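In this note's numbering, the protein residues as written are 140 to 515. Here a beta-carbon is modelled for each residue, glycine too, at the ideal position from N, C-alpha and C. Since the structure is predicted, the reported quantities are computational estimates derived from the model, not experimental observations. Scroll down for the structure; my scribbles are underneath it.
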């Protein structure tokens, strides 16, 4: 694009121009973030630019950087996805370039991105994303780029914040799926296995399983004992319950087993291996007197209109990030702590993976409700 029209008309030393992008996978509530950030930032007198498809808009030529105004974000609050687009392939520190001949090579184009930000006279880079995007932001911060972060992931696995937007909508979708599976499971006396997202953290599986009344919940934090699951199903059969509902997180695995389907986001669908739901079904086959069916919920959990909670949390994050930019407070990530939105150092966001604590209240509630966790 021609960036002449993006030239500054001021020589002020304070923050005047910011660029925001949505990296990684999409999550319900991204547009709520963008809407709140743009409206607040422009009201504060800041200029806002957006990079399309994450860092790809800054890497590729011609660049895809667009001005964002109040008009740009009008009417987007209830929409899923991101008006800027997302990309989990455009890592500037490990960017895959493809030649005309079809060959590929991985290169570091971070200096190119930094130069583009300087050319655009961007004062602060605002990254909206999960652990991968935050790690990229951290590396740019070490290169001297001023960075503000907004945590985003349906997996809820960022240690910086108590909750991430997108989780609530994903859990609601998974709960709806469990409700739907109940009736068909009961009609056919089947064991229904629902595989949900979450990668190495079991938040979606655990929360949806509790909300949907699952009989077994298997999460990555607990390597499950297949004998306990068989016993649970047989116990239900003996007490007149002819069906069972099992929810399994994508990172769950049996004792002594391996995770079967978590792959890098850019890999082809043909590289995906048999998932944990099918893996569990094979382990149950021949050991229970039920037909077994597997449902992989997949990207339905990422799509659709965000819940009211995710709209509100995304809006709160966007507003507070705009104020961080206005006050020239870089190197920070907005976060929910208790009932309050705070800011924490960027390093905190990438320090640890937040997994389900096995001594926490949610696991205690699960056990108290008689839900089997497969603990060996």
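Item, Value
"For the region 341 to 404, list the alpha helix (DSSP H) runs that are entirely contained and at least 4 residues long, ordered along the chain.", "342 to 351 and 365 to 377"
"List the DSSP bridge partners of residue 304.", "291"
"Evaluate contact between the region 474 to 489 and the region 196 to 207, counting only Cβ atoms and requiring at least three cross-stretch pairs below 8 angstroms.", "no"
"What residue range is occupied by the uninterrupted beta strand (DSSP E) comprising residue 267?", "263 to 268"
"Per DSSP, what are the beta-bridge partners of residue 234 in this structure?", "246"
"Could you pull the start and end residues of the beta strand (DSSP E) that residue 476 belongs to?", "471 to 476"
"Select from 174, 186, 153 and 371 the residue whose C-alpha is nearest the C-alpha of residue 98.", "An answer regarding residue 98 cannot be provided, because it is not within the stretch 140 to 515 covered by the chain."
"Could you tell me the distance, in whole angstroms, from the CA atom of residue 327 to the CA atom of residue 167?", "34 angstroms"
"Given that a residue counts as buried once 16 or more other Cβ atoms are within 10 Å of its Cβ, and exposed if not, what is residue 459?", "buried"
"From residue 354 to residue 474, what does the alpha carbon distance come to, in whole angstroms?", "33 angstroms"
"Determine the direct distance from the alpha carbon of residue 165 to that of residue 380, and round the result to whole angstroms.", "39 angstroms"
"If we count the other Cβ atoms within 10 Å of its Cβ and call it buried at 16 or more, is residue 445 buried or exposed?", "buried"
"Ignoring anything shorter than 3 residues, give me the beta strand (DSSP E) runs that lie fully in the region 415 to 442, in order along the chain.", "430 to 435"
"For residue 200, count the other beta carbons within 10 Å of its own beta carbon; 16 or more makes it buried, fewer makes it exposed. Which is it?", "exposed"
"Would you mind working out which of 195, 188, 239 and 220 sits nearest residue 209, comparing C-alpha positions?", "188"
"So which of 185, 255 and 358 has the shortest CA-CA distance to residue 391?", "358"
"Out of curiosity, what's the CA-to-CA distance linking residue 455 and residue 342?", "22 angstroms"
"Hey, quick one: how far does the beta strand (DSSP E) through residue 190 stretch, first residue to last?", "186 to 190"
"Any heavy atom of the ligand FMN closer than 7 angstroms to the CB of residue 378?", "What this structure holds is no ligand at all, so the ligand FMN is not there to describe."
"Put residue 407 into one of helix, strand or coil per three-state DSSP.", "The pLDDT assigned to residue 407 is 42, lower than 50, so where the model puts this residue is not dependable, and the model offers no usable value."
"What did DSSP end up calling residue 486 once you bin it into helix, strand or coil?", "helix"
"Can you tell me the Cα-Cα spacing of residue 336 and residue 248, whole angstroms?", "31 angstroms"
"Please state whether DSSP places residue 177 in a helix, a strand or coil.", "helix"
"Under 6 angstroms Cβ to Cβ from residue 285, same chain only, skipping five residues before and after it: list those, please.", "263 and 469"
"Would you kindly check if the distance between the Cβ of residue 169 and the Cβ of residue 464 is under 8 angstroms?", "no"
"Within the same chain, show all residues whose beta-carbon is closer than 6 angstroms to that of residue 220, passing over the 5 residues directly before and after it, in chain order.", "165"
"Report buried or exposed for residue 389, applying the criterion of at least 16 other Cβ atoms within 10 angstroms of its Cβ.", "buried"
"Skipping 5 residues on each side, what residues in its chain have a beta carbon closer than 7 angstroms to that of residue 303?", "290, 291, 292, 295 and 297"
"Taking the alpha-carbon of residue 504 as reference, which of 350, 314 and 258 has the nearest alpha-carbon?", "350"
"Have a look at the DSSP bridge pairing and note the partners of residue 159.", "189 and 265"
"On a CA-only basis, which of 300, 439, 471 and 245 is nearest residue 316? Give me that one, please.", "439"
"Do residue 265 and residue 157 have their CB atoms nearer than 8 angstroms?", "yes"
"Which first and last residues belong to the alpha helix (DSSP H) in which residue 455 is found?", "447 to 465"
"Would you kindly work out how many angstroms separate the C-alpha atoms of residue 198 and residue 321, rounded to a whole number?", "47 angstroms"
"Which residue's Cα is closest to the Cα of residue 522: 360, 476, 178 and 508?", "The question about residue 522 has no answer here: the residues shown for the chain are numbered 140 through 515."
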